[in-house]
Every structure is written in structure tokens, then in C-alpha cells.
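What follows is a short report on a single structure.
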Amino acid sequence: METKVVKICPERVADFDRELSEAAEIIRGGGLVAFPTETVYGLGANALDSTAASRIYNAKGRPSDNPLIIHISDPDGFERWCEVENKEALDKIKADFTPGPITIIQKKKSIIPDTVTAGMDTVAVRCPSNPIARRLIELSGVPIAAPSANTSGRPSPTKASHVIEDMMGKVDMIIDGGECEVGLESTIIMLKEDGVTLLRPGGITKEALEERLGEVKVDKAVLQRLEEGEKPLAPGMKYRHYAPVATVIALKGEDSRVVEFMKKALDDEGTGVICYREDLIENGRAQILGSREDKREMAHRLFDCLRAFDSMPNIKTVYTRLPDTDDIGLALVNRLIKACAYTVKEL
Ligand code: TXA
Ligand code: MG
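Adding 2 to a residue's 1-based position in the sequence shown gives its number in our numbering.
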């Protein structure tokens with residue numbers, strides 16, 4: 003399949019209605035369009051068209067038991083496509099956090115095809131803030147089902163070049179809208195009558211949610227390896243994820259020890275490291291995650307750092323820093339420990 007790549011400036015979306023109308027036409031016709039959101043790039047199809055949604059699974063090589071998030075431009079969609087059990091909490095979330103990097107899971111209405119929800123009786127809905135995503139959904143006139151636009155198992159794409167790496171020839175159009183602001187996928191919560199559960203941490207933090215909604219439970223799969231037979235609430239959380247080809251190992255311990263360990267490890271040409279800027283490690287195989295004081299910067303850079311090792315020859319092991327779990331740190335640590343398959347080395 004021929005893939006058209008179109009560049010759109012997110013600050014001047016109104017100037018690109020021709021390009022976005024063409025993309026919307028593809029969505030309405032059952033095709034696939036990769037587009038930027040404020041979290042990561044999504045791989046979109048008409049969420050009301052089961053055949054179109056199944057094309058997403060093929061293009062990504064995604065297991066068919068892993069449901070998709072549907073993207074809406076009008077927050078009314080949280081009620082239009084779902085049965086609302088907890089209106090009070092929903093209204094607070096809508097008022098304070100949408101449009102933005104949060105996904106809400108509620109009981110689905112029957113119009114949403116089983117292909118989208120992988121047969122579950124719930125549906126994940128998100129109203130993104132990125133102006134390109136919003137205009138594309140508006141012009142399409144339908145909700146857009148979109149997982150992250152990476153090949154299944156690879157780190158999510160935060161730049162158009164990442165999408166091109168994974169999806170060229172597999173989708174009808176890729177919209178290049180520059181770098182994604184947050185850099186990690188949306189926060190996913192399940193909203194029920196009896197409260198809120200966090201299934202996947204992201205740009206809207208647990209702390210921010212709790213300030214507004216009271217206690218938020220955290221699904222065990224966020225930070226811990228599940229036992230044989232245990233199931234996470236979000237099916238996607240069970241897969242090894244976000245990982246480069248190399249084996250990733252997180253390092254814990256006193257700063258000076260971690261830095262010394264990384265420097266020594268780099269003597270081996272098959273080794274890479276992900277470190278803080280303040281670690282002052284200068285090496286072509288050292289990826290700077292960001293300043294140790296700035297976890298938002300780390301979130302923005304993480305997937306690019308992980309992907310970088312796949313384009314370096316023969317990297318077999320990557321050692322990484324592991325920040326604390328405060329604020330967006332919970333999302334960072336969640337992605338990092340999954341990339342590591344839970345391997346943490348104490349120094
Ligand atoms: O930021 C994001 O959320 C990005 C952008 C493109 O919007 N999308 C994204 O989609 O990360 P994806 O498919 O890569 O991750 C969706 C996660 C998966 O872990 C999936 O299992 C879970 O959401 N999920 C989707 N529908 C669900 C449902 N009904 N119940 C439980 N988990 C669900
Ligand atoms: Mg994904």
C-alpha cells in the first residue's frame with residue numbers, strides 16, 4: 003500500500019483543512035490514518051466500522067484480545083458511547099482534565115463494535131487536546147479508534163519519524179505534526195459506581211486525580227509483575243512493551259555507584275545506557291533521559307531514548323536510571339519496568 007505523508011503545523015491547523023479533509027475522507031472510507039496527539043501518535047480508523055478497526059490490528063500485529071481506545075472531539079461522547087455509572091465523578095473529570103491525556107473506561111453502548119473492544123462489555127474513551135487530532139475527529143464525523151501507532155511491542159511513537167519507521171506501506175496516510183508534548187500514553191481510569199481505579203498512569207497524575215476525586219485505587223499491574231493466571235484490568239498491560247531489541251536493566255542505588263557502574267559498562271561496545279543529564283556521561287551509546295529535576299522532560303524523551311538503541315548496531319544490554327514514582331514518575335517507572343521486564347539491579 004502507498005502511504006501518503008502529510009506535514010501539518012499544530013499551531014496553524016485552520017490552514018490545513020484541505021489536508022485534514024482528505025484524512026477524514028480516508029477514515030470515513032474505512033482506511034487508516036496515523037495522527038499526532040498530545041500523548042503519542044495514534045493509528046486511527048472509524049470506530050463504528052468493524053472492518054476498519056480490524057485493519058488496525060493487522061497493521062500493528064496487535065493481539066486481538068487487546069481493545070482499542072476511541073477518540074472523540076466533543077466531551078459529550080463520554081456519555082454518548084457509554085453507560086454512565088458515576089456521573090458525579092465523570093463531570094468532575096470532564097471539567098478539570100478534558101480535553102487532555104486521560105482515558106475513561108465505562109460500560110459500552112451496543113453501537114460500538116466488538117472488534118474495537120475486543121469483546122469486552124466496556125469501552126475506553128478519550129478526548130485529546132492536540133488540535134490536529136481534534137480537527138481530524140471533527141471532520142471525520144465519527145469517533146476514531148486509535149492505539150499507539152507503533153508495531154506491537156515496540157516503544158510508542160512520539161515523532162513522525164517513529165511512525166514512518168513502523169507504519170510506512172501499512173497505512174493510507176501519516177500526518178506529521180511534530181513531537182508529542184507529553185510523550186507517554188494517556189492515563190487510563192476505570193469509572194464505576196463505587197469509585198475510580200487507575201489502570202495505566204500517564205500525564206494526568208494519580209495525585210491530581212485524588213485531589214479532585216478522593217481515593218484512587220491502583221491496579222496491581224501498574225507496578226508489579228502478575229502471577230500466572232492473574233489478569234490486569236487493561237489487557238494491554240500484560241504484554242512486554244515499550245522495549246528495544248536489547249535487554250533493558252534498571253539500576254537502583256546510590257548516585258555515585260550508578261554513574262560509576264554505567265561508565266564501566268560502556269567499555270563494552272554492546273552496552274548502552276539511559277542516564278540523567280547531571281550524570282555527565284558522554285558517550286554515543288548514552289541516551290540522556292533529561293534533567294534529574296524534570297520528570298516531564300524525561301516523559302517527553304523516554305520512548306525516543308528507547309528507540310534510539312534499535313538503530314545502533316549490536317546493542318545487547320541497556321542499563322537505565324529509574325526515577326521515583328511521584329507525579330508523572332509513576333508513569334515513567336511503569337513504562338521503564340515493563341521495558342525491563344521487571345529486571346532491577348540493586349547496586
Ligand atoms: O495516549 C493514548 O492513550 C494513546 C493515543 C493514541 O491516544 N493510545 C494508546 O492506545 O495508548 P493503546 O492501544 O496503545 O493502549 C490502550 C490501552 C491498552 O492497554 C488496552 O488494553 C487498554 O487501553 N484498553 C482499551 N480498552 C479497554 C477496556 N475496555 N478495558 C480495559 N482496558 C482497555
Ligand atoms: Mg500502545
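A virtual CB, placed ideally from N, CA and C, is assigned to each residue, including glycine.
Everything numeric in this text was worked out from a predicted model, so none of it was measured.
Item	Value
Nearest candidate by alpha-carbon position, reference Y43, set V35, K219, L50	V35
E140 vs S52 beta-carbon contact at 7 Å	no
M3 classed as buried or exposed, judged by whether at least 16 other C-beta atoms fall within 10 angstroms	exposed
Extent of the continuous alpha helix (DSSP H) to which D168 belongs	162-169
For L138, the three-state DSSP class (helix, strand or coil)	helix
Alpha helix (DSSP H) runs contained entirely in the region 15-88, provided each spans 4 or more residues	19-30, 52-62, 79-82
Cβ neighbours of L215 in the same chain (closer than 7 Å, five flanking residues each side left out)	A91, K94, V198
Contact set for Y59: own chain, Cβ-Cβ below 7 Å, skip 5 residues either direction	S66
Nearest-angstrom Cβ-Cβ length linking L253 and L349, presumed shorter than 8 Å	6 Å
Closer than 6 Å: S188 CB and nearest the ligand GTP heavy atom	Here the bound small molecules are the ligand TXA and the ligand MG; the ligand GTP is not part of this structure.
Where S158 sits in the DSSP three-state scheme	coil
Span of the alpha helix (DSSP H) around I114	From DSSP, I114 is part of no alpha helix (DSSP H); its letter is neither H nor E.
One or two residues paired with N199 in a DSSP bridge	The question names Asn, yet the displayed sequence has Thr at residue 199. The partner list for T199 (beta bridge, DSSP) reads M192, K219.
Cβ-based burial, A244 [other Cβ within 10 Å; buried from 16]	First, the amino acid is wrong: residue 244 is Tyr here, not Ala. The residue is buried, with at least 16 neighbouring Cβ atoms inside 10 Å.
C-alpha gap between E181 and G121, whole angstroms	33 Å
Beta-carbon contacts of I134 that lie in its chain and below 7 Å, excluding the five residues immediately before and after	I10, P12, V15, F37, P38, I177, G179
Cross-strand partners of Q226 (DSSP beta bridge)	According to DSSP, which records beta bridges pairwise, Q226 is partnered with nothing at all.
Endpoints, the beta strand (DSSP E) within which C277 is located	273-278
Meets three-Cβ-pair contact criterion under 8 Å: the region 259-266 and the region 295-314	no
Residue of T327, D329, I330, L291 minimising C-alpha distance to Y321	L291
Short Cβ contact (7 Å threshold) for N285 with L268	yes
Pair within 7 Å by beta-carbon distance, L201 and D174	no
Cβ pair S158, E187 closer than 7 Å	yes
L225 versus I191: straight-line alpha-carbon distance, rounded	15 Å
C-alpha gap between P145 and E271, whole angstroms	47 Å
The ligand MG heavy atom lying under 6 Å from the CB of P149	yes
Which listed residue (P315, V218, D98, E229) has its alpha carbon closest to that of K240	E229
DSSP beta-bridge partners of L308	DSSP lists no partner for L308.
Any non-hydrogen atom of the ligand TXA within 6 Å of P69 CB	yes
Helix, strand or coil at E4 [DSSP, three-state]	coil
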